[in-house]
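Have a look at the structure below before the remarks.
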Amino acid sequence: MSKLYSVLYKPRSVFKEIPNSWTIFGAICWYYRVLYSKEELESLLGNFENEPKFLISSPTFIKNDIEFFKKPNLGGSVVFKDDNEYRKYKKFKKIQFIDRQTLIEVLEGKIKDNNDLFEKTKDKIVDEIISNTVFPHVSINRITFTTDESKFFIEKSYSINSFLKFYILFFDENLIEKLKPVLKILYFSGKGISRGIVEFFEFKEEIELSKYIKEKSNKIYLLSPSFYDEKFDLENSYYDIITTLGIVDNYFDFKKLIIKGKFIYLSNGSIIQLKNISDYYGSSSFIKYNFNKIYQYGYSFGFYIKGG
């Protein structure tokens with residue numbers, strides 16, 4: 053029997069990139085190896101080639117005690133009555149997140165399309181949760197204490213003015229206690245979260261949202277990016293495509309950055325119509341490097357929508 057847990061962090065430093073399901077999964081794997089052994093990690097990852105032991109979401113964000121989820125791509129056109137509503141609609145198009153209660157109404161089937169979502173949210177557009185900043189850097193010659201124009205570069209960073217939360221769905225309950233210390237190390241190091249300082253950690257079972265995993269339907273809201281699955285009916289789905297370049301940092305057996313390749317995902321926030329219902333969707337990809345398997349996480353984490 054599956055169990056749904058959440059992990060809550062409060063980052064204090066900026067992000068080089070916004071965390072997502074595959075960066076969090078990668079960080080968990082590194083520290084699973086640190087605590088238990090390379091052999092135990094390989095055994096765990098072997099399951100992810102065919103049947104995952106747990107699934108991980110991308111983060112949600114909690115601001116002023118309200119949890120915000122990626123805005124669902126519900127499809128359908130929006131009808132606005134006057135110029136005032138049109139101005140609100142322009143703001144609505146730009147928002148990236150909706151509050152938890154609104155998401156629950158989507159999952160309950162009460163909000164069915166973008167027009168319903170606009171009517172629900174047009175008077176409560178939230179302030180920006182994620183902001184980005186550009187930092188100028190200069191590389192300095194440590195011997196001469198000089199530099200030149202070619203050493204100047206710009207780095208973009210993200211600031212999240214909220215708590216950061218992600219969900220883990222365990223298919224194997226024995227892993228719950230085993231992952232607790234791994235998640236605590238993740239908290240202290242910040243690796244996969246922000247590579248910086250984190251000042252708060254909480255790990256607990258989630259009851260309210262678990263019903264939207266246990267009560268299955270033929271439509272699902274993705275809370276993580278997902279590799280394509282033949283069980284997806286994309287013709288009747290609403291989704292966006294994202295691409296990423298998979299990179300492995302220089303830890304353990306890897307003495308330099310390893311490029312895994314370019315990967316294509318259906319984005320979180322997508323609404324996927326299902327041809328067949330299963331316990332999990334998506335997959336995990338891997339390449340071989342120096343007799344090691346390097347994985348790229350691509351399983352779906354989703355909530356089922358009633359009446360789908």
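Numbering (the working numbering), first residue to last: 53 to 360. Heads up, the beta-carbon is just placed ideally off N, CA and C, and yes, glycines get one too.
Assuming residue i contacts residue j under a Cβ cut-off of 8 angstroms, what Cβ separation, rounded to an integer in Å, is found between them?
i    : j    : result
K271 : Y356 : 7 angstroms
Q148 : K123 : 6 angstroms
Y219 : S109 : 4 angstroms
R152 : F121 : 7 angstroms
L227 : K105 : 6 angstroms
F222 : S54  : 6 angstroms
G128 : D175 : Not really, about 20 angstroms apart at Cβ, beyond 8 angstroms.
V130 : N99  : Contact doesn't hold; Cβ gap of about 43 angstroms is too wide.
Y138 : F144 : In fact, because the Cβ distance is near 10 angstroms, the residues do not count as touching under 8 angstroms.
Does the beta-carbon distance from residue i to residue j come in below 8 angstroms?
i    : j    : result
F315 : G359 : no
L286 : G321 : no
L326 : F279 : no
A79  : L231 : no
V59  : L235 : yes
I259 : N213 : no
D292 : S335 : no
L56  : I294 : no
I346 : I310 : yes
L169 : L126 : yes
S73  : S276 : yes
F353 : Y61  : no
I329 : K263 : no
L97  : C81  : yes
P111 : P71  : yes
So what does DSSP say about residue i, is it helix, strand or coil?
i    : result
E101 : coil
Y83  : helix
G248 : The predicted model places G248 with a pLDDT of 48, which falls under 50 and marks its position as unreliable; any figure quoted below should be read in that light. Residue state, collapsed to three classes: coil.
L275 : coil
F126 : Looking at the sequence itself, residue 126 is Leu, so the reference to Phe does not match. DSSP places L126 in coil when its eight states are reduced to three.
V59  : strand
E137 : helix
Y280 : coil
I259 : coil
F144 : helix
G242 : Low local confidence applies: a pLDDT of 47 at G242 is under 50, so the model's placement there is unreliable, with the coordinate-based value given in what follows. If DSSP states are grouped into helix, strand and coil, G242 belongs with coil.
E287 : strand
Y332 : coil
G359 : coil
G321 : coil
I375 : Outside the shown range of the chain, which is 53 to 360, sits residue 375, and nothing can be said about it.
G78  : helix
I228 : helix
I163 : coil
E69  : coil
S337 : strand
D168 : helix
E92  : helix
K236 : helix
E180 : coil
E119 : strand
K268 : coil
Does the ligand COA have a heavy atom nearer than 7 angstroms to the CB of residue i?
i    : result
E257 : By its list of ligands, the structure shown contains no ligand whatsoever, and the ligand COA lies outside what it can speak to.
Using 8 angstroms as the limit for Cβ to Cβ distance, is residue i near chain B?
i    : result
Q153 : Among the chains in the structure shown there is no chain B, since it carries only a single protein chain.
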